[in-house]
Every structure is written in C-alpha cells, then in structure tokens.
Amino acid sequence: MEEKKIHGNVAGIRDTILQEMQSLYDEAQPTGVFASTALLEKLADYTERIGREISVYLSRSGAVKDVSVGDASTVSMPDMRLVRNADRLAGVRCIHTHPNGSGYLSDVDLGTLNSMRLDAMAAVGVREGKPTSVYVAFVGEMEDEERKPVIYGPMRADRLPQDALLNALIEADNRLKAPAYAVTQAEPERAVLVGIDNDDGYDTLEELKALADTAGVNVVHIERQRKRPIDNGTYVGSGKADELRLIGSATEADVFIFDDELTAIQIRNLESILGAPVIDRTMLILDIFASRATTREGKLQVELSQLKYRLPRLLGVGVAMSRQGASGVGMRGPGEKKLEIDRRRIRRRIYELEQELKEVEKQRGIRRAVRKKSETPIAALVGYTNAGKSTLLNVLSDSDVLAEDKLFATLDPVVRSITLPNGTPCLLSDTVGFINKLPHDLVQAFRSTLEEVRDADLILHIVDASCPYYEVQMRVTQQVLESLGAGNTPCIEVYNKCDLPEAIPSKREKTVAISAKTGMGIPTLLERIETELNRTQRRVELVIPYDRYEAIRVLHEIGTVLSESHEADGTHVTAMLEESKLYRLKNVLDGRSDE
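In the working numbering, each number is its position in the sequence shown, counted from 1, plus 90.
Laid out in structure tokens, this is it:
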C-alpha cells in the first residue's frame with residue numbers, strides 16, 4: 091500500500107492540517123473526468139488555510155499519486171513518470187493552486203510541462219478559499235525548435251469541459267509519437283549561464299556564451315548578479331539559487347553553467363537546489379579541449395588536466411560512501427572508502443599520464459633541438475583564442491590548418507615553413523589560443539607545447555581588432571607569456587580583422603594592421619618579420635675557395651644559407667649570420683681551427 095505523505099514545504103503547518111490533507115489521496119477521479127469540482131474545492135480550501143501553493147499528480151486512471159506543498163508563489167513539483175517510454179508523455183497530469191486568485195499559467199508552469207512531458211499542467215486560482223479561474227496547458231506542436239503549449243482557459247472550476255480536456259490529453263500524447271523508422275537528431279543541451287559582475291573590464295558572460303556555443307550548447311538564458319561576496323555554499327546565495335531553479339523550469343534548462351570555478355561543496359549544493367547538472371567555466375573549457383584534441387599528445391594533456399581538476403572535487407555521499415570507523419588501521423582493502431578508491435585510481439592514472447607525457451616531451455625536445463641546430467629562425471603566433479592565428483598561418487604558408495570562427499578551433503601545435511620577401515627561410519609555429527581564467531592545470535599540462543613559444547626568436551602577438559575589449563585580451567596573453575618565460579622575446583603586435591567596420595584602430599606604435607581574410611597588410615607584415623629576425627643578423631656574400639670548403643659546413647651550421655652556386659673561382663654563397671658568430675667563419679677562411 092502506498093504511503094499517503096504530504097511532500098514539500100510542510101514546515102510550520104500544523105500536524106492536524108497535514109493529516110486532513112492526506113485525504114486528498116482518496117480523491118480518485120472517475121473515468122471521463124479530468125478534474126472534479128470536489129477535488130478543486132478541496133485544493134482551494136487547503137490553500138487558503140495554509141497560505142501556500144498545493145500540487146497533486148493524477149495518473150491516467152485518475153489515482154492521486156502525489157501531494158506536495160510549496161510557498162506563497164511556487165511549489166516544487168517532483169519528477170514523476172508512469173510511462174516507461176521516454177519519447178511519450180509521462181502518464182501523470184499536474185493540478186496546482188495559485189493563492190493570488192488567478193489561474194493564469196506562468197512561464198515556470200509551461201516550462202515544467204515541456205521539460206517533464208506531463209500529460210497536462212493545470213492551475214487553479216484561489217480567492218477566499220474558493221476556486222476561481224482554471225487554465226490547462228498541453229504539449230503542443232514544434233515551432234522554432236520549441237514546443238508551443240496548447241492552452242485552455244480561463245474556465246470555471248464547476249464547469250470544466252471534462253471530455254474536451256481528456257481528448258486534448260490524447261492529442262498531446264499523439265504529437266509525441268514517432269514512426270519506428272523515424273530517426274531524429276539529438277537536440278543540443280539547453281543551458282542557463284550564471285555569473286557575478288566583476289572587475290575584468292569586459293563582459294565575461296558573453297565570452298562564456300561563446301564557449302557554450304563552441305561546445306554545442308544552446309544558451310536559453312543568461313542570469314547576471316550584481317557584484318557581491320562569493321557565497322561559500324552556493325556561490326550566488328540560497329535566495330538566488332531558488333530563483334535560478336524557477337528560471338530553469340521556465341526555460342526547460344538541462345544544465346547550469348557558472349562563469350567561475352566552483353568548489354565541490356558549491357556544485358553539490360547547487361545541483362541539489364536546481365535539480366539539474368551544474369558545471370563551471372573550467373569544466374566547460376576542458377570539455378571543449380577534449381573534443382578538439384586530435385593528436386596523442388593533445389589527448390594525454392587534456393585527460394591529465396581533467397583528472398587534476400576532478401581529484402580535489404571528489405565528495406562522498408554521507409556514510410554510504412564509507413565503511414571505515416574512527417581508525418583507518420586494518421580497515422583498508424574491501425572496507426576502504428569508495429571515495430579513497432576513486433582518489434587512488436585517479437592519482438595512479440595521473441602518474442601514468444605524466445610518465446607518458448615525459449616521453450612525448452623528449453621527442454618534442456629532440457625535434458626542437460634539430461630545428462634550433464638548423465639556425466632557421468622561428469616566429470610563434472600567439473594571442474587570444476579566435477583572434478585569427480590559424481587563418482593567418484594558412485595565408486602565410488599556403489596551408490589548410492583548421493580555421494573556424496569558434497573558440498579553440500585549433501588545439502594541437504602546428505609548425506609550417508615559409509620564405510620571407512628577401513629569401514630568408516622562417517618557421518611559423520601556431521599553438522593553442524589563450525583565454526581569461528584559463529585553467530591552471532591546463533596551462534601546466536600544455537606547458538611542453540607552450541614552450542614552443544618560449545624558444546621562438548620572434549613572437550607575433552595576434553590581436554582581434556574588431557573586439558571592443560581587445561586590450562583586456564592582450565593583457566591576458568601577456569600574462570601567460572610572462573609565466574612561460576617569454577615576456578622579453580622580441581614581439582610584433584599584429585592587429586587582425588581590420589577589414590571589419592567595427593575594428594578599433596591601434597594607438598600603439600610599431601604595430602601592423604592586417605586582415606588575414608582579405609590579405610590586407612600581409613606584405614607589410616612579412617617585411618616586418620624579416621626586419622625583426624634580421625635585426626641581429628648580417629647578410630654576407632662570399633666566394634669560398636675550394637681549398638676552404640670546410641667553411642661551407644660552418645656556414646650551414648651557424649647561419650642560414652640563402653643561395654649557393656659552384657663557379658670556376660669557388661663557391662658563391664649568400665647567407666644570413668649572427669654577428670656574434672662571424673669569428674668562426676673567419677677562423678676557417680684564415681686557415682685556423684673552428685673554435
């Protein structure tokens with residue numbers, strides 16, 4: 091026999107009233123009745139007496155399956171499904187009261203109808219203990235990727251069109267029926283973004299929305315809170331969390347995404363209040379990185395970052411997670427905490443990943459040493475994500491690296507060879523873009539990749555000139571460069587997307603304005619790159635006698651040979667050399683040893 095219990099916000103209600111309210115479970119609706127006058131009158135009476143909303147769930151057979159109490163304006167509706175097929179309606183209809191006198195359905199009511207796929211959502215206005223107007227909504231047809239509800243009302247409580255309402259329920263269920271052969275594409279998750287105003291100098295929530303778009307999430311609402319101290323329990327405070335729960339119901343949100351990094355306690359508390367998964371900015375970025383990584387090294391780095399993020403956020407679930415007593419001695423093995431087992435497994439996997447990455451780093455170090463030995467200068471493309479680095483790399487090197495108008499379109503490092511206007515060869519290196527609040531563990535995991543920037547001879551700082559807060563993005567990029575030890579490397583600031591009308595002209599000196607999309611400014615940029623790379627180099631044209639052919643070997647070792655031809659009087663060579671290394675060539679040409 092099912093327990094007749096009143097759920098929800100029952101604190102402060104006398105036990106005698108709660109016992110009376112249990113009689114609602116006896117109000118089974120007869121066949122052919124959507125909601126009887128007797129049931130609506132009882133709901134109105136109890137609503138008036140306790141001053142709170144009341145909801146009941148009715149099965150298709152008419153049985154009352156649940157009775158819940160809310161507050162003066164809302165009632166938390168339990169997630170209930172009596173039909174096993176998730177593609178059909180739930181098999182229960184909800185009837186709830188509005189103490190304000192109006193039965194008009196709110197956005198929260200309609201959102202709950204769609205998200206829980208209820209058979210129907212009915213609201214009964216209550217005034218002076220009597221039911222007033224009644225509104226009933228059913229799941230409707232798809233319009234603009236959303237189901238528009240079919241609403242009946244206002245109706246008198248004692249004159250409900252019972253047959254019409256039950257027929258509307260059947261029609262709503264038929265709308266969800268799909269042929270066995272019909273295959274529909276999975277709909278993207280619907281997300282509510284949450285953030286607190288900050289001093290970062292730009293709208294970080296808009297950037298969070300761009301991250302969500304990149305992750306394939308459909309943002310249905312953005313909730314911004316005034317600047318305030320962070321609440322240790324829920325990040326936004328319990329009152330705001332309750333408000334977010336209602337917003338989630340109204341927008342049919344599947345997930346809540348917060349703009350800052352949350353603690354394990356905050357995530358657990360928020361998920362308990364909101365009734366939906368909660369992720370933070372770091373988790374979102376890591377998810378994007380996981381989807382973008384294609385090389386073995388990239389996948390290892392992302393997994394390492396994810397595990398390091400998860401480790402301190404593992405929480406037990408009360409005593410069910412542990413069988414240990416006050417002392418851990420002799421209690422390991424089968425009696426060990428499940429939580430500790432999970433932590434131990436993650437630590438072991440972290441160690442394994444770090445060892446694998448060390449081997450990968452050795453291989454990268456060997457390739458880096460070979461490039462360095464060749465004396466071919468390296469220019470590293472760095473900048474905020476989506477500034478256009480990969481597009482510029484494709485233009486300069488005639489490559490086909492993936493370039494999309496999305497954040498973190500390129501994750502794995504790419505190196506391409508180009509020839510500058512006067513014949514100087516150069517290697518261009520493109521690596522992961524930067525972003526504000528870039529997870530620390532991610533920077534650490536990708537450190538070997540980012541060290542390509544530290545070893546570069548020249549940095550091309552690519553700036554999105556069309557972004558209104560590009561100066562903030564530049565500051566973020568500079569901070570990462572300094573953390574990598576590349577803060578003093580020669581740098582050219584390259585303002586990209588200058589063909590767009592919203593582009594902001596640079597006020598800095600010695601910058602280059604370009605458009606990687608149209609090619610505007612590219613010749614000027616190449617000349618600047620060559621000038622900067624040759625600033626400490628000297629162009630030499632030599633005729634090396636054949637009896638001093640050792641000098642050719644030295645030239646290839648210490649400089650960049652631009653041209654070489656064998657003539658009657660010797661080998662004619664044009665090369666670029668560091669002035670500090672000219673003495674080695676002079677020693678060989680003078681017949682002395684190369685020291």
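All C-beta atoms, glycine included, are put in the ideal place defined by N, C-alpha and C.
Return the first residue and the last residue of the alpha helix (DSSP H) that residue i is part of.
| i | result |
| --- | --- |
| L390 | 386-400 |
| E202 | Here residue 202 is Thr; the residue named in the question, Glu, does not match the sequence. Residues 197-206. |
| F346 | No alpha helix (DSSP H) holds F346; the beta strand (DSSP E) holding it covers 345-348. |
| V570 | 560-573 |
| I612 | 612-623 |
| Q356 | 354-364 |
| T579 | Taken as a continuous stretch (DSSP letters only), T579 belongs to no alpha helix (DSSP H), as it is neither H nor E. |
| D321 | Premise fails: D321 is in no alpha helix (DSSP H) and is neither H nor E. |
| E480 | Per the sequence shown, residue 480 should be read as Ser rather than Glu. Run containing S480: 479-487, per the alpha helix (DSSP H) assignment. |
| E296 | 294-304 |
| R56 | A question about residue 56 goes unanswered here, because the residues of the chain that appear run from 91 up to 685. |
| S145 | Where S145 is concerned, there is no enclosing alpha helix (DSSP H), although the beta strand (DSSP E) it sits in stretches over 144-149. |
| S328 | 328-341 |
| L518 | Careful: L518 lies outside any alpha helix (DSSP H), inside the beta strand (DSSP E) at 515-520. |
| A180 | From DSSP, A180 is part of no alpha helix (DSSP H); its letter is neither H nor E. |
| A254 | 252-266 |
| Q109 | 105-111 |
Keeping to the same chain, check which residues put their C-beta closer than 7 angstroms to that of residue i; ignore five residues upstream and five downstream.
| i | result |
| --- | --- |
| V630 | A665, L667 |
| G102 | none |
| T650 | E465, T466, T514, P515, A665, M666 |
| D680 | none |
| F124 | L250, Q252, L255, L256 |
| R400 | I436 |
| E110 | none |
| T608 | D589 |
Excluding five sequence neighbours on each side, which residues of the same chain lie with their C-beta closer than 8 angstroms to the C-beta of residue i?
| i | result |
| --- | --- |
| T741 | No answer is possible for residue 741: it lies beyond the span of the chain, which begins at 91 and ends at 685. |
| T567 | V472, G473, Y474, F524, H551 |
| T324 | K330, A331, Q356, N359, L360, I363 |
| A262 | L179, D209, A210, F228, V229, G230, V240 |
| L298 | L283, G285, I347, D349, R371, L374 |
| R104 | none |
| S192 | G215, T222, S223 |
| I440 | L394, L397, K398, L401 |
| A354 | P402, R403, L404, L405 |
| R246 | S223, V224 |
Tell me the DSSP bridge mates of residue i?
| i | result |
| --- | --- |
| H97 | S158 |
| T650 | M666 |
| E233 | E236 |
| T187 | V214 |
| V285 | First, the amino acid is wrong: residue 285 is Gly here, not Val. R314, per the DSSP bridge assignment. |
| N512 | Per DSSP, none; premise fails for N512. |
| M245 | V224 |
Closer than 6 angstroms by C-beta to residue i: which residues in its own chain qualify, once you throw out the five before and the five after it? Chain order, please.
| i | result |
| --- | --- |
| E592 | S556 |
| R544 | L574, G575, A576 |
| V409 | With a pLDDT of 36 at V409, under the threshold of 50, the modelled position of that residue is not reliable, and no figure is offered here. |
| L672 | none |
Let me check understanding here. Comparing Cα to Cα, which of the options lies closest to residue i?
| i | options | result |
| --- | --- | --- |
| L390 | A354, V309, L443 | L443 |
| E583 | G611, H551, R598 | H551 |
| R207 | N264, T187, P244, S158 | N264 |
| P558 | I594, A305, I337, T614 | I594 |
| L632 | R625, S489, A641 | A641 |
| L397 | R386, D377, T385 | D377 |
| E599 | Y585, A606, S605 | Y585 |
| M564 | A477, Q119, A606 | A477 |
| T621 | A134, L510, E451 | L510 |
| I612 | S149, V123, L486, Y147 | L486 |
| V553 | L540, D547, V562 | V562 |
| Q119 | R382, D589, I185, G609 | I185 |
| R316 | D289, V307, G306 | D289 |
| V533 | E572, L518, Y560 | E572 |
| E446 | E279, A470, R403, E387 | E387 |
Would you mind giving the Cβ-Cβ distance between residue i and residue j, rounded to the nearest angstrom? I have them listed as a contact below 8 angstroms.
| i | j | result |
| --- | --- | --- |
| I549 | C581 | 4 angstroms |
| V159 | G98 | 4 angstroms |
| V198 | L334 | Going by Cβ atoms, the distance from V198 to L334 rounds to 12 angstroms, so no, they are not a contact pair. |
| R139 | I96 | That belief does not hold up - the Cβ atoms of R139 and I96 are roughly 13 angstroms apart, past 8 angstroms. |
| K132 | E117 | 7 angstroms |
| R280 | D344 | 5 angstroms |
Output the boundary residues of the beta strand (DSSP E) element that contains residue i.
| i | result |
| --- | --- |
| R628 | 627-634 |
| Y225 | 220-228 |
| D554 | 548-554 |
| V368 | 368-370 |
| A469 | 468-473 |
Can we count residue i as close to the ligand NAD, meaning its CB is less than 7 angstroms from some heavy atom?
| i | result |
| --- | --- |
| V504 | In the structure shown, the ligand NAD is absent, as is every other ligand, since no ligand is present at all. |
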